[in-house]
Amino acid sequence: MMVVEFYLKGDNHLISFRMKTFDLLGLSTPVLRAIGELGFESPTPIQEQAIPVMLGGNQDVVALAQTGTGKTAAFGLPLIELLDFTKRDTQALILAPTRELCVQITKDMQNYAKYTPGAHVVSIYGGARIEGQIREVRKGPQIIAATPGRLVDMIERGVVDLSTIEFVVLDEADEMLTMGFKEDLDLILSQTPAEKSTWLFSATMPREVQRIANDY
Ligand code: AMP
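Counting in the working numbering, the sequence shown runs without a single skipped number right up to 1030 at its last residue.
Shown next, in the form of structure tokens:
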């Protein structure tokens, strides 16, 4: 449903209107077309708040968001706008606690980028054969969605190069800490450039999450 609000201003009958639609958030035509096909008509509250900030590019962001709020598009749509898909460097890293979430994020990103030429998203996660994932990573995806343990394995094998990362998304950061990924996160983030934007999403904000928000 599209929400349209009209305001009548003063006696001069100047009418301004605010439409809570995606095109006013500053998204490009290919992205608008893709999310239109997915049936997204108006942004969810977190998308409305986060997308304009993230499109600025050089902001670190901490967001309290549960699954089901539209958080994947809140970080995914700005990423697609900000990356340079004419290059084959890996520019964005999305870390998630589970294989299922990692696969879901990858599918969502592929859908959002359906009409964005050159965009390539790959997921790497444990519990599956590493060889196929290594082949995918060697093709030069601009976006990698990963679970921390398997990514560390890939880094140690010299398969993944994080030196060109510009954006790191920590999705379900509280879950990643609960599942014991703190050391892996430290190692992974130490391989990324100091100059980058970090976007942290968490359903809860316990002290450990606040600490990693401060650290990273
Ligand atoms: P997420 O919180 O990212 O897991 O998203 C929850 C579900 O909402 C997913 O199935 C999304 O495809 C869907 N979704 C996200 N944003 C929108 C939107 N603006 N309009 C309609 N559906 C959405």
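For each residue, glycine too, the CB sits at the ideal point set by N, CA and C.
Q) Taking 7 Å as the cut-off, is the CB of Gly859 close to at least one heavy atom of the ligand AMP? A) Checking the sequence shown, residue 859 turns out to be Pro, not Gly. Incorrect: Pro859 has no Cβ contact closer than 7 Å to the ligand AMP.
Q.
Assuming Ala794 is part of the alpha helix (DSSP H), what are its boundary residues?
A. Nothing about residue 794 can be read from this structure; the chain reaches only from 815 to 1030.
Q: Would you kindly work out how many angstroms separate the C-alpha atoms of Phe1015 and Ala877, rounded to a whole number?
A: Each residue's Cα considered, the two are about 5 Å apart.
Q | Extent of the continuous beta strand (DSSP E) to which Phe981 belongs | A | First-last of the beta strand (DSSP E) with Phe981: 981-984.
Q.
Pop quiz: Gly871 and Thr900 are said to be a contact at Cβ under 8 Å. What is the actual Cβ separation, rounded to whole angstroms?
A. Their Cβ separation, rounded to whole angstroms, is 17 Å, which puts Gly871 and Thr900 out of contact at 8 Å.
Q | At least three beta-carbon pairs within less than 8 Å, the stretch 881-890 to the stretch 964-971 | A | Note that the stretch 881-890 does not touch the stretch 964-971; fewer than 3 beta-carbon pairs, one per stretch, sit closer than 8 Å.
Q.
Is it the case that the stretch 849-858 contacts the stretch 974-984, given that we only count it when at least three CB pairs across the two stretches are under 8 Å?
A. The stretch 974-984, when compared against the stretch 849-858, does not touch it at the 8 Å Cβ threshold.
Q: For Leu984, I'd like the list of residues in its chain whose CB is within less than 6 Å of its CB, leaving aside the five on either flank, ordered along the chain.
A: Correct list, in chain order: Leu909, Leu1014.
Q.
If we require 4 or more residues per run, which alpha helix (DSSP H) segments fall completely within the stretch 859-902?
A. Runs found: 859-869, 885-896.
Q | Simplified DSSP assignment, three categories, for Val1023 | A | Helix, per DSSP.
**Q.** Of the residues Ala1017, Gln905, Tyr939, the one placed nearest Ile957, counting alpha carbons only
**A.** For Ile957, the closest of Ala1017, Gln905, Tyr939 by C-alpha to C-alpha distance is Gln905.
Q. Which class does Phe995 belong to by DSSP, given the choice of helix, strand or coil?
A. Note: Phe995 maps to coil in three-state DSSP.
Q. So which of Arg1025, Leu897, Thr930 has the shortest CA-CA distance to Thr843?
A. Of the listed residues, the one whose Cα sits closest to Thr843 is Thr930.
Q) Going by beta carbon distance, what residues of the same chain come within less than 7 Å of His827, once the five residues before and after it are set aside? A) Reliability of the predicted coordinates at His827 is poor, the pLDDT of 43 falling under 50, and the value obtained from them is presented with this limitation in mind. Answer for His827: no residue qualifies.
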